[in-house]
Amino acid sequence: MNEIRFHNTLGGKVEAFVPQKPAEVRMYTCGPTVYDYAHIGNFRTFVFQDILRRFLKLRGFKMKHVMNLTDVDDRIIANAAAAGVSIRDYTEKFAQAFFDDCKTLSIEAPEHWIRATDHIDDMVKLIERLQKKSFTYPGEGSIYYRIAKFPQYGKLSNIDVTGIQAGARVDNDRYEKESARDFALWKAPKSGEHFWDTPIGKGRPGWHIECSAMAMKYLGETLDIHTGGIDLAFPHHENEIAQSEAATGKPFARYWMHSEHLLVEGEKMSKSLGNFYTLRDLFAKGYKPSALRFALASVPYRKQLNFTFDGLQQAASSVERLRNFAARLAQGKFPAGNQKGMAARIGEAAEEFDAGLSDDLNTARALAAAFDLLRETNIAMDKDDFRQGDVPAVQEFLANFNRIFAVMDDNDDERLRALGFGPKESGPADAEIEKLIADRQSARQRRDFAASDRIRKELADRGILIEDSKDGSVRWKRK
Ligand SMILES: [Zn+2]
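Its first residue numbered 13, the sequence shown is counted upward by one per residue in our numbering.
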């Protein structure tokens, strides 16, 4: 077995991974803020941390993994007040949607799913510890963290905080403080909004204190791994370190692993560009959960992932190839015995699969190992060289493959139905196709060829071929 090596954002190097206890990994993942549906950029991170925990389990570690739901923040409290409902009622729908989305994408449940609102006492206690050590100061009912007292601040993201000017917005709170870089641990209540009445005053916790308090409650004062998207490294994770290490005097997390951004068709995903997708948006277009999981998992987590509909289509065909291969193995009747060299070849593929994942979770390399074996085995089957005696070893390889990638089971339709989507049987309805074709015609009339090409491509992606005839009319057919 290969030495496991991970890139540690803290220090910026790839290092051997050695947890504190030999057979156990204590890991924390910053979960979603549940005021909306999570988007595919969020799920890139959640698929990454899922692959990570699955790999560690495959390598025999017992996981102690915590993921939080941020169900208290300024937007949630304000929106809940505006809607006249409790915080729990407001967030419940999105929390449930997140659990459902994770299940649909085969993201394993961590050992502990926890909500911030269930841990206000733990946050208050941690703030009290920081108060005793003079890391805090009050201001208009709020409590701030004094970064000047924590000289290591910035060690994770290597950000130079000395240049941050007074008044600059480095955090999403809008309270008065001594220094612009300081952040709120506890926020004074706002009129008409929910607050907690606690020994440190009335108010609500800041975002950063949540993760420090909850991570240490379940995992101890020093975690093995802390994961999240790279956009959380500063200020969120930097602040988690400042809070936790100031309170305990111990390192907070030994390995910090961050996934890179996701782009959509080469551009930053944003609602204004119209390229913002939740899982449900993609399922409504007829894409399958397994294809999305494969597409998100196939690019190593530290590389930027350019999500494209072509790529998603390719991912769907890759999943299909894998499933067809598994079916051929299970159903084929091959001559008895073993093919010369096959056992060694399978062993080599398994070794390369493990080497890829051990190499900072290089999923592309692990996938290549699987697809090489698949191709060679298919060729051997075509030539009648493959033997029945080798079937179990190839199946065992695929089973291990699936313990990480989790796309082999043919359960997409079932999962989509559970989310309320019908399986894609006949593609889009005629009326929808006519509507898209009309949109394309008007795009062409105003000479917006980019738009007309996009619509043609969308139709093609959904199995509809269109043909422009000389008389200016458009014919279409289903592939
Ligand atoms: Zn966090």
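Beta carbons: idealized from backbone N, C-alpha and C, even for Gly.
Same chain, Cβ closer than 7 Å to residue i, five either side skipped, listed in chain order
i: G179; result: Because the pLDDT at G179 is just 46, under 50, the model does not fix this residue reliably, and the value given afterwards should be weighed accordingly. Hits under 7 Å: A192.
i: M75; result: V37, M39, R65, L68, K69 and E123
i: L379; result: S310
i: V84; result: I99, A128, T129, R216 and P217
i: D480; result: V486
i: I449; result: I478, V486 and W488
i: G484; result: none
i: V182; result: For V182, the pLDDT reaches just 48, beneath the cut-off of 50, and the residue's location in the model is therefore unreliable, leaving the point undetermined.
i: Y267; result: F18, N20, F29, D236 and I237
i: T389; result: F398 and V406
i: D424; result: K300, P301 and S302
i: R427; result: T116 and P301
i: Y102; result: I88, N91, A92 and A95
Sequence-distant residues of the same chain with beta carbon closer than 8 Å to residue i, five excluded per side
i: G213; result: G153, I155, W198 and A200
i: R474; result: K297, G298, G439 and P440
i: K137; result: A225
i: L142; result: T148, Y157, L197, Q255, A258 and A259
i: K144; result: none
i: R357; result: L385 and E388
i: G323; result: A307
Other residues of its chain near residue i: CB distance less than 6 Å, five sequence neighbours each side excluded
i: T234; result: K262 and P263
i: D133; result: none
i: E470; result: none
i: M13; result: none
i: H77; result: M39, R65, P122 and E123
i: G53; result: L274 and M281
i: N251; result: F195 and H220
i: T82; result: T45 and A128
i: Y230; result: V78 and H124
i: N184; result: Low local confidence applies: a pLDDT of 47 at N184 is under 50, so the model's placement there is unreliable, with the coordinate-based value given in what follows. So no residue of the chain qualifies.
i: F383; result: none
i: A367; result: N14
In DSSP terms, what residue i is bridged to
i: R56; result: None; R56 has no bridge partner.
i: S118; result: Note: S118 sits in no beta bridge, so no partner.
i: F18; result: E27
i: R314; result: Paired residue(s): none; R314 is not in a bridge.
i: P217; result: W198
i: N80; result: I126
i: A265; result: L235
i: F319; result: V276
i: M75; result: V37
i: G241; result: S271
i: V486; result: D480
i: Y149; result: Y156
i: T45; result: T82
i: T7; result: What is shown of the chain runs 13 to 491, which leaves residue 7 out entirely.
i: D209; result: K214
i: D372; result: According to DSSP, D372 bridges with nothing at all.
Residue i at chain B interface by Cβ criterion, 7 Å
i: R377; result: Given the protein chain composition of this structure (a single chain), no chain B is represented.
Rounded distance between the beta-carbons of residue j and residue i, thought under 8 Å
i: Y49; j: A109; result: 6 Å
i: R56; j: L308; result: 5 Å
i: A338; j: L410; result: 6 Å
i: F306; j: V419; result: 5 Å
i: E205; j: A90; result: 6 Å
i: T21; j: H270; result: 5 Å
i: A381; j: F365; result: 4 Å
i: I63; j: L373; result: 6 Å
i: I139; j: N80; result: Rounded, the Cβ-Cβ distance is 17 Å, inconsistent with contact.
i: S464; j: A472; result: With a Cβ gap of about 13 Å, S464 and A472 do not count as contacting.
i: N350; j: D421; result: Between D421 and N350 the Cβ distance is about 28 Å, and since that is not below 8 Å, they are no contact.
Exercise. Mind listing, in chain order, the residues whose beta carbon lies closer than 5 Å to a non-hydrogen atom of ligand 1?
Worked result: Residues close to ligand 1 by the beta carbon criterion (under 5 Å to any non-hydrogen atom) are, from first to last along the chain, C42 and C223.
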